[in-house]
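Trainee: First the structure, then my questions, so here it is.
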Amino acid sequence: MYFFRILAENEYGVGLPVDTTEAIKISERPLPPGKVTLKEVTGNSVTLSWEKPDHDGGSRITGYTVEMQGKNSEKWTQVMTVKVTEAVVVGLTQGEEYFFRISATNEKGTSDPRPLSVPVVAMDVVIAPAFKLLFSTFSVLAGDDLKIDVPYVAQPKAAVTWQKDGIALKETTRVNAEIAERHLYLVIKEATRDDVGKYTIKLTNLAGEATADINVIVLDKPGPPTGPIKIEEDKLEAPDIDLDADLRKMITVRAGGSLRLFVPIRGRPTPEVKWGKAEGEINEAAQIDITSSFTSLIIENVNRFDSGKYTLTLENASGTKSAFISVRVLDNPDAPANFHVKEITNNSVTLSWEPPLLDGGAKIKNYIVEKRESTRKVYSAVGTCNKMTWKIEPLQEGSNFFFRVLAENEHGIGLPAETLEPIKISEVPQPPGKVSVVDVTRKSVSLKWEKPEHDGGSRITYYEVEMQAKDQDKWSLCAQVKSLDTVVTNLVQGKSDPRLLANPVVAKDLAIQPTVRTKLSTYNVQVGQDLKIEARISGHPKPTITWTKDGSALKQTTRVNVADTAHHTTLTIKDATREDGGMYNIAVANVLGQAEATVEIIILEKPGPPTGPVRIDEVSRDSVQLQWEPPQIDGGARITHYIVEKRESKRLAFTTVTNSCVRNSFKVDDLQEGGLYHFRVLAVNELGVGLPAETIEAVKVSQAPLPPGKITVVDVTRHTITLAWEKPDHDGGSKITGYTVEMITKGSDKWTVCATVKALETTIEGLTTGEEYSFRIAAVNDKGKSDPKPLGASVVARDITIEPIIDLLFNTYSVKAGDDLKIDVPFRGRPLPEVTWKKGGHSLKQTTRVNVLTSKTSSKIVIKDSTREDAGKYEIILTNSIGIKSAEISVIVLDKPGPPGAIKVEEISADFISLSWDPPIYDGGCQINNYVVEKRDMTTTAWQIVSATVARTSIKVTRLTQGTEYQFRVAAENRYGKSHAIDSAPVVAQYPFSPPGPPTSLHIAQATKSGMLVTWNRPASDVPFKGKPVPHVMWNKPDVDLRVRAAIDTTDNCTSITIEQATRDDSGKYTVTLQNVAGTSTLTLSVKVLDSPGPPAHIEIKEVTKSSATITWDTPENEGGAPVKNYLVDLREATKMGWTRITDSCPRLTFKVNDLQEGGVYYFRVTGENEYGIGVPLETKEGTKITGKIKLFCCIFSVAHLFD
């Protein structure tokens, strides 16, 4: 809180002050928040973050308001108010597009909103894992702690695994791997040499996986040499430096961080190590360690001065080796270099400088130029520029200023370069005015002169008097004085020719009547200048001289004094002030009489303030009429005009409304309606602008409001009536302070005030039953009362009935598990309705945690420490004698999901098992991100993760051991955590078939003396079953009539199907269905017939030249149970019937046929081949002419195919 006062200063001095009437808090509304960033998007929520405002308006930010707008809506809705710079907006609709904006609030009000630059669609985002490592190698002293920060991105949340030297990292109380949002941390406490190694991080989610390696080096005493000791000749080895690839690049460190350079070295004998810095000295706080195998340089808390090229030199008897490492510290820049004042005029200064020697590791964006008056302590910004020079104008002539320049880069504003001494805004004075000779003697001459017309903006310090002898060319300095006159002495006397006196002289005393004369009767002088009034005196004997001012004896001081000589009396006034003005009298007297002379001195200065305060004559919604009186002090000159200024109460600076007002009144137009303004008026004469006169208080630009809006009857009883109304369309520019409600009974002509309220609703009591009343309402602000707005019709005081009405604010509420939830439902009804709450169709049971609070106008349900059991459909029912009204409210509790549904085994084989499950009944109020599937061998109790990023409700678990019994469990995971797992029944990994049964119908078809012919039928493929009564059995295969294609045999407990001469078309899913009165059961069997492949699905001639054609095709729809290894390509000429094999080993789906005859017509065919043989060919339906022009032929061969 501050009090302020302002004093104007001109070349003649400092004027009177004007003070603020009250203490002022230096604050205003904050600027909008900084950049708004979208951090995360899901199907029903958005996470936003933003930067603090560049300026908080001088008051602490109390909160931020988050608003939301739908794509097709024009209305912004406030969704929350938070105190931090991050918010999660929940309850969004999947697939809908939204806009968001943020506003900052302090005690002065709310800033303009800052919008998110792009609209957001509520949908789950999938981002593949990725690391953002700054360094790949970290070093730590033995015994110190090491914390490695690994930034990453992944969506949905990724599973993390750590390894050390290829083995899973074993976490202990000393070594821990931590995970946070977008960051992984490896924490090693009291590091030892066992912690040295390569650490591998692996991130996995449904979008993919990523790995990163980190090398950890522990700086410690070496271990013992590897024995045994061998006696070898001492070999010399030249020094060598092993610079890591990262050190060969530019090392970038942020200011305040740590610079750690670790360099392996070698050489025999051990080389001498020297660290240096190419441009200056290494930081005194640097820690340098040297061993026989490495050297390190560590600088903590680096700044811009630590940037540069660091040199490392090794030297021993075998030679010298040097290397350099470039380091850039990202910091704000140093002060600009060579800052100086280039030019000074009477109203401007030109500054010049050069770029900083240290730019902070980033390009200089611009320079900030600032100034401050020598009497102040705070700099104010003049402007920003991209040049190395800046001209500051206009400046107050004669004032003293300090100047400074600051460079700015992307990391901030750097150090200032400033002037060491204040700079005075002035230039050399003009020459003195008229020079006159006052007196001449034989050895001296008396001179006087007038002041220069302009002193150059600085006070004249002295005058130099030079002289030149006749017949000489050289001028020499003869005097240096501060006054406007001087006597030059030591002159050489000259001699003239003699002249006789015309008359004789009688020797006797001479008596002369005294006289006094001045050159002028009126003298004008500006404030601060000197004035000299000289009066010529005559009389003999010499008269006495007396000076008076305004009838009183003149009081002489060091500034005002009188000097008398034989023939003159001189009044000298230095640095004239307003008090020196007036009537001066000079009286001289001797024995013969006396004489007087009167002189008026007028002090010329700027006028005083208008006689105030400034009055407000009239105020409208956008203008103010001002009135004032002329100044009591006009400064000795006529008032030429007035300057009228205004300022908003929330701002500190006045702005000019007009500078040419010639009357004592002025109407200020184009004001902001409802704004608070201060006004002031300054008088102007030919000497300048005077002091201001201000309005005593801030003036609010407003008028009486318009009438209220629509009036409605809310409720009527025998003795009361409740009215509600809308705000006026216009409040007149001032806040509505209240409303006046008046009433009149039927047959009366007198309106009576029955209520004065501030709200938009009131209840009027004390009415007479059956009486008819009329009502009207007027709005009131600080400027007066509006015209009244009448109720559209009269009202009779009697009881009325109203059917229950529910005013739901929202249909859906969401709350995090463990948080409290309050649902407030306003309602109306007459008689007062009875309120009933239900949940899931049953009456809501109140507990110490769940409570219902009901008043006459609303019912509130309060749930403390909400859990997933609180989620569901809530119904509120209102009942009175008129009717029943109900409304349904959905409550979503955001929590970890419930367990998935039962695990079903879909398919079993020797090395894989396919599982499926149903989604959780309770999803935790948000989308299930993934499922975690685990398995265990039934011989152990340890579970192994199969996959932590399963997005669907099924998985194929592979790499199983045949014959081993497994158990599986599945857990669901959403953004709030992982559910409890559900276990499957034990399952054995084995083929879904058993050894064949015995052959059937074995008999001897023919016998001879030397042999016999034995024949038999295939074993039956049977399916055992049970059911009571015996179920009806049906076999089915899509698009195939099995009654024709297969032989089906069914007994009371077994059914079988036999297909003779199976082909690839018999592959697919066979379904056996059992049905009786008790129900239906279905079993699906997958059959794969191992056969050669079917025809390719699509053949096409893509490109034709004069001698070649390129053929493309697709894989067969039925590959015969094994992948196609290669394709066979044939051709035939249109005039021939035989096919020619071009290739039998094409592994791709395209082939270029060369060496064709131009103009010839060819047919092509392609056949697939797998491990079971060569399949069915597919050929082009039309011939292709080899002409060099492309002609596309397409053949599609469709086959029925069902996948296993």
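Quick note: the sequence shown uses our numbering, first residue 6, plus one each step.
Every residue gets a Cβ at the ideal spot worked out from N, C-alpha and C, and that includes glycine.
Under the rule that 16 or more other beta-carbon atoms within 10 Å means buried, what is E33, buried or exposed?
Mentor: Position 28 of the sequence shown, counted from the first residue, corresponds to residue 33. Classification for E33: buried.
Trainee: State the Cα-Cα distance for the pair V993 and K207, rounded to the nearest angstrom.
Mentor: Counting from 1 along the sequence shown, the entry for residue 993 is found at position 988. Counting from 1 along the sequence shown, the entry for residue 207 is found at position 202. Rounded to whole angstroms, V993 to K207 spans 31 Å at the Cα level.
Trainee: According to DSSP, is F815 helix, strand or coil?
Mentor: What you label residue 815 is simply residue 810 of the sequence shown in a count that begins at 1. Of the three classes helix, strand and coil, the one that applies to F815 here is coil, per DSSP.
Trainee: May I have the straight-line CA-CA distance separating V334 from Q485, to the nearest angstrom?
Mentor: For the purposes of this step, residue 334 is identified with residue 329 of the sequence shown, where counting begins at 1. For the purposes of this step, residue 485 is identified with residue 480 of the sequence shown, where counting begins at 1. The alpha-carbon atoms of V334 and Q485 are separated by roughly 59 Å.
Trainee: For R1170, which of N1041, F1156, K368 has the nearest alpha-carbon?
Mentor: The count along the sequence shown starts at 1 and reaches residue 1170 at position 1165. Taking only the C-alpha atoms, the option nearest R1170 is F1156.
Trainee: Which residue marks the beginning of the beta strand (DSSP E) containing V94, and which one marks its end?
Mentor: One-based indexing of the sequence shown puts residue 94 at position 89. Here the beta strand (DSSP E) through V94 covers 91-95.
Trainee: Touching or not, the region 820-827 and the region 905-916, by the rule of three or more beta carbon pairs under 8 Å?
Mentor: Verdict: no, contact absent.
Trainee: When you compare the CB positions of N371 and S357, do they come within less than 9 Å of one another, or not?
Mentor: By one-based count along the sequence shown, residue 371 stands at place 366. By one-based count along the sequence shown, residue 357 stands at place 352. Against a cut-off of 9 Å, the Cβ pair of S357 and N371 comes out as no contact.
Trainee: Quick check: what's the CA-CA separation for G641 versus S665?
Mentor: Taking the sequence shown and counting its residues from 1, the one referred to as residue 641 is at position 636. Taking the sequence shown and counting its residues from 1, the one referred to as residue 665 is at position 660. Distance between the alpha carbons of G641 and S665 is about 20 Å.
Trainee: Can you name, in chain order, every residue of its own chain whose Cβ lies under 7 Å from the Cβ of T1087, other than the five neighbours on each side?
Mentor: The sequence position of residue 1087 within the sequence shown is 1082, counting from 1. Cβ within range, chain order: T1076, T1078.
Trainee: Answer yes or no: do L1 and Q531 have a C-beta to C-beta separation smaller than 9 Å?
Mentor: There is no way to answer for residue 1, as the model of the chain reaches only from 6 to 1209.
Trainee: Can you tell me whether A147 is buried or exposed, with buried defined as 16 or more other CB within 10 angstroms of its CB?
Mentor: Start at 1 with the first residue of the sequence shown, and residue 147 comes out as number 142. Its Cβ having fewer than 16 others within 10 Å, A147 is exposed.
Trainee: Just list the beta strand (DSSP E) runs in the region 522-610, keeping only unbroken ones of 3 residues or longer that don't cross its boundaries, in chain order.
Mentor: List check, beta strand (DSSP E) in window: 527-531, 536-545, 549-554, 565-569, 573-578, 587-595, 598-609.
Trainee: Leaving out five residues before and five after I889 in sequence, what residues of the same chain have Cβ atoms less than 8 Å from its Cβ?
Mentor: Here residue 889 is taken as the residue at index 884 of the sequence shown, counted from 1. Only P809, I882, L883 meet the Cβ criterion.
Trainee: Does the distance from the CB of E101 to the CB of K80 come in under 9 Å?
Mentor: On the sequence shown, position 96 is the one that residue 101 refers to. On the sequence shown, position 75 is the one that residue 80 refers to. No, the pair does not count as a contact, with Cβ atoms beyond the cut-off.
Trainee: What residue range does the alpha helix (DSSP H) around V433 cover?
Mentor: For this step, residue 433 is matched to residue 428 along the sequence shown. Unbroken run through V433: none, as it is neither H nor E.
Trainee: Using only CA atoms, which one of A558, E91, V71, S50 lies nearest to T98?
Mentor: Taking the sequence shown and counting its residues from 1, the one referred to as residue 98 is at position 93. The shortest Cα separation from T98 among A558, E91, V71, S50 belongs to S50.
Trainee: Which runs of the alpha helix (DSSP H) at least 4 residues long sit entirely within the region 223-291? Give them in chain order.
Mentor: Those alpha helix (DSSP H) runs which fall completely within the region 223-291 and span 4+ residues are 250-253.
Trainee: Taking the alpha-carbon positions, what's the N1123 to Y1132 distance?
Mentor: Position 1118 of the sequence shown holds residue 1123. Position 1127 of the sequence shown holds residue 1132. Roughly 14 Å between the two C-alpha positions.
Trainee: Helix, strand or coil: how does DSSP classify E1248 here?
Mentor: Limits of the chain in this structure are 6 at one end and 1209 at the other, which puts residue 1248 out of reach.
Trainee: Can you give the Cα-Cα distance for T872 and I807, rounded to whole angstroms?
Mentor: Residue mapping note: residue 872 aligns to position 867 of the sequence shown, counting from 1. Residue mapping note: residue 807 aligns to position 802 of the sequence shown, counting from 1. Each residue's alpha carbon lies about 38 Å from the other.
Trainee: So is D61 buried or exposed if we call it buried at 16+ other beta carbons inside 10 Å?
Mentor: Reading the sequence shown from its first residue, position 56 is the one you call residue 61. Answer is buried; the Cβ neighbour count reaches 16.
Trainee: What span of residues does the alpha helix (DSSP H) with V1049 cover, start to end?
Mentor: As a working mapping, residue 1049 is identified with position 1044 in the sequence shown. Run containing V1049: 1047-1050, per the alpha helix (DSSP H) assignment.
Trainee: Rounding to the nearest angstrom, what Cα-Cα distance links P437 and Y468 in this structure?
Mentor: Indexing the sequence shown from 1 puts residue 437 at position 432. Indexing the sequence shown from 1 puts residue 468 at position 463. Between P437 and Y468, the C-alpha separation is close to 9 Å.
Trainee: Which residue wins for smallest C-alpha separation from T42, given the options I11, T82, F105, R10?
Mentor: As a working mapping, residue 42 is identified with position 37 in the sequence shown. Nearest of I11, T82, F105, R10 to T42, Cα basis: F105.
Trainee: If we count the other Cβ atoms within 10 Å of its Cβ and call it buried at 16 or more, is N1175 buried or exposed?
Mentor: Counting from 1 along the sequence shown, the entry for residue 1175 is found at position 1170. N1175 is buried by the Cβ-count criterion.
Trainee: So does the region 622-639 actually touch the region 541-552, counting three or more Cβ pairs closer than 8 Å?
Mentor: Output reads no: the region 541-552 does not touch the region 622-639.
Trainee: Short check: CB of Y190 to CB of D154, under 9 Å?
Mentor: Stepping through the sequence shown from its first residue, residue 190 is reached at position 185. Stepping through the sequence shown from its first residue, residue 154 is reached at position 149. Yes, the pair counts as a contact, with Cβ atoms nearer than the cut-off.
Trainee: Cβ atoms of M73 and Y103: under 9 Å apart, would you say?
Mentor: Here the question's residue 103 lines up with position 98 in the sequence shown. Here the question's residue 73 lines up with position 68 in the sequence shown. A contact, by the Cβ cut-off of 9 Å.
Trainee: Return helix, strand or coil for V19, following the three-state DSSP convention.
Mentor: Residue mapping note: residue 19 aligns to position 14 of the sequence shown, counting from 1. Strand.
Trainee: Along the chain, where does the beta strand (DSSP E) containing E195 start, and where does it finish?
Mentor: Here residue 195 is taken as the residue at index 190 of the sequence shown, counted from 1. It is not in any beta strand (DSSP E) - E195 carries neither H nor E in the DSSP assignment.
Trainee: Is there a C-beta anywhere in chain B that falls below 9 Å from the one on K370?
Mentor: Any reference to chain B falls outside this structure, which holds one protein chain only.
Trainee: Decide if the region 518-529 is in contact with the region 604-618; the criterion is three or more beta carbon pairs, one per stretch, under 8 Å apart.
Mentor: Result yes; three or more Cβ-Cβ pairs closer than 8 Å.
Trainee: Would you say the region 419-433 touches the region 398-408, given that touching needs at least three Cβ pairs under 8 Å?
Mentor: Enough Cβ pairs lie closer than 8 Å, so yes.
Trainee: What does the alpha-carbon distance come out to for the pair Y5 and T717?
Mentor: Any question about residue 5 goes unanswered here, given that the chain covers just 6 to 1209.
Trainee: Assuming A215 contacts P134 under a Cβ cut-off of 8 Å, what Cβ separation, rounded to an integer in Å, is found between them?
Mentor: Your numbering for residue 215 matches position 210 in the sequence shown. Your numbering for residue 134 matches position 129 in the sequence shown. Right, their Cβ atoms sit about 4 Å apart.
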